[in-house]
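K.L.:
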């Protein structure tokens, strides 16, 4: 898996943060290629498909095009709700 640089990961997190703060979702980053979303107590994700769709939609809305896999980890309080990996395209396929 290609590794996203720390600067690129921070830029992606900043774009995502701009979208999700209105829903009281906190964004954290970790290397390699991890974005953690701390969701509020009144929000829930029932399955992996919902988590994956949410992650894809925020990337799409933020205009982020990945050349590497990016893992999203969903937390509520101290409980890990689950994680999903969004697969990127090789750089030569990105336009």
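Numbering (the numbering used here), first residue to last: 1 to 95. Where is the CB? At the ideal position from N, CA and C, for every residue including glycine.
1. Who does residue 35 pair with in a DSSP beta bridge?
2. Within this structure, are the beta carbons of residue 62 and residue 15 separated by less than 7 Å?
3. What's the C-alpha gap between residue 68 and residue 60?
4. To the nearest angstrom, how far is the alpha carbon of residue 24 from that of residue 40?
5. Is there a C-beta anywhere in chain D that falls below 7 Å from the one on residue 58?
P.N.:
According to the data block:
1. Residue pairing for residue 35: DSSP places it in a beta bridge opposite 29, 72.
2. A contact, by the Cβ cut-off of 7 Å.
3. Going by C-alpha positions, residue 68 is about 15 Å away from residue 60.
4. Taking the straight line from one Cα to the other gives about 6 Å.
5. The displayed structure is made up of one protein chain only, and chain D is not part of it.
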